[in-house]
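Asker:
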Amino acid sequence: MMRRLFARLFWAASGWTLRSQPPEGGGGILIGAPHTSNWDFLFMLAITWSHGVQARFLGKSSLFRGPLGPLARGLGGIPVDRRNPFGLVDDLVARVRAGEHFFLVITPEGTRSKRPYWKSGFYRIARDADLPVTLGFVDRSTRTAGLGVTLRLTGDVHADMDRIRAFYADKVGINPEGWTPPLLQGEDSAPGPGGGGGGGGGGRAGGGGGAGGGAPPRPP
């Protein structure tokens, strides 16, 4: 109840509109993109809380130390050790295979500044744990945010990423200069669904971070 109330207050105060549909099923990956601002974390909280979804978030491990640690965990945070991102992916896959159900918010850009590629951890988790991927968005051009289509990744990395690129083609981040377009390193040479296509390129796994401080009092 309190989380839904916070979400309603957030949309009213921000001047943005929730344009969304509930995620499908009892668990999956929720992509958060474009990820260009500290505000993105609050948007994803408001989106998931509006739908009554108990989401988990990835965040850099420093956020879970000190007085902010209990708050970060209470919001559903999972600390990311950036020195060993592959261990996190393996742990998340193991949790799902053991029967744990959750919606995991991942920002594949991994940072608010522009990079050459998205990180591929979301793709590996979705494929290895057989989870659907729901495309969440923040779009400054329309001042809307929400959850869009839900995809089942096929293992044909390039074709799957083409569908993701098509969805985000008209989405504009809060700070457009920081946007990293959806591209996985080595996706053109990745094996198709008949060739064991899991990881989607040689990029680092993971995709944490969306939470941060130092934001202005109202989203631009």
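Quick note on this note's numbering: the sequence shown kicks off at 1044 and runs consecutively.
Just so you know, even glycine gets a beta-carbon here, dropped at the ideal spot from N, CA and C.
Which residue from Pro1225, Gly1191, Ala1212 puts its Cα closest to that of His1201?
Answerer: One-based indexing of the sequence shown puts residue 1201 at position 158. Among Pro1225, Gly1191, Ala1212, the Cα nearest to that of His1201 is on Pro1225.
Asker: Please go through the same chain and pick out, in chain order, the residues whose beta-carbon is closer than 8 angstroms to the beta-carbon of Gly1120, but skip the five residues on each side of it.
Answerer: Looking up residue 1120 in the sequence shown gives position 77. Once the five neighbours on either side are set aside, the close Cβ partners of Gly1120 are Arg1099, Phe1100, Leu1101, Gly1102, Leu1106, Phe1107, Ala1254.
Asker: Throw me the rounded Cβ distance for the Leu1039 and Asp1203 pair, which I believe falls under 8 angstroms.
Answerer: There is simply no residue 1039 to check, as the chain begins at 1044 and stops at 1263 in what is shown.
Asker: Counting only runs of 3+ residues fully inside the segment 1056-1136, write out the beta strand (DSSP E) ranges in chain order.
Answerer: You should have 1071-1076, 1098-1103, 1120-1123.
Asker: Kindly confirm or deny that the segment 1051-1063 and the segment 1177-1192 touch, where touching means at least three C-beta pairs closer than 8 angstroms.
Answerer: Because the criterion of three Cβ pairs below 8 angstroms is met, the segment 1051-1063 and the segment 1177-1192 touch.
Asker: Work out the CA separation of Glu1230 and Arg1116 for me, nearest whole Å.
Answerer: To locate residue 1116, count along the sequence shown from 1; it is residue 73. To locate residue 1230, count along the sequence shown from 1; it is residue 187. Using only the alpha carbons, I get a separation of about 34 angstroms.
Asker: Which residues bound the alpha helix (DSSP H) around Phe1145?
Answerer: The count along the sequence shown starts at 1 and reaches residue 1145 at position 102. Per DSSP, Phe1145 belongs to no alpha helix (DSSP H) and is neither H nor E.
Asker: Val1200 lies in the beta strand (DSSP E); which residues open and close that run?
Answerer: Working through the sequence shown from its first residue, we reach residue 1200 at position 157. It is not in any beta strand (DSSP E) - Val1200 instead sits in the alpha helix (DSSP H) that spans 1200-1211.
Asker: Helix, strand or coil: which one does DSSP assign to Trp1222?
Answerer: For this step, residue 1222 is matched to residue 179 along the sequence shown. Looking at Trp1222 - three-state DSSP - the assignment turns out to be coil, as it is neither helix nor strand.
Asker: Assuming Leu1073 and Val1181 make a contact with CB atoms under 8 angstroms, what is their CB distance in whole Å?
Answerer: Here the question's residue 1073 lines up with position 30 in the sequence shown. Here the question's residue 1181 lines up with position 138 in the sequence shown. No, Leu1073 and Val1181 are not in contact; Cβ-Cβ is about 13 angstroms, not under 8 angstroms.
Asker: Using beta-carbon positions only, say whether Asn1227 and Ser1156 come within less than 8 angstroms of one another.
Answerer: The residue you call residue 1227 lines up with position 184 of the sequence shown. The residue you call residue 1156 lines up with position 113 of the sequence shown. It is Leu, not Asn, that sits at residue 1227 in the sequence shown. Not in contact: Leu1227 and Ser1156 (Cβ atoms no closer than 8 angstroms).
Asker: Measure the C-alpha to C-alpha separation of Ser1080 and Val1215 and round it to an integer number of angstroms.
Answerer: The residue labelled residue 1080 in the question sits at position 37 within the sequence shown. The residue labelled residue 1215 in the question sits at position 172 within the sequence shown. Roughly 12 angstroms separates the two Cα atoms.
Asker: Contact check, Thr1150 vs Glu1067 under 8 angstroms by CB: the rounded distance?
Answerer: As a first step, residue 1150 is located in the sequence shown; it is residue number 107 there, counting from the start. As a first step, residue 1067 is located in the sequence shown; it is residue number 24 there, counting from the start. The Cβ separation is near 20 angstroms, so there is no contact.
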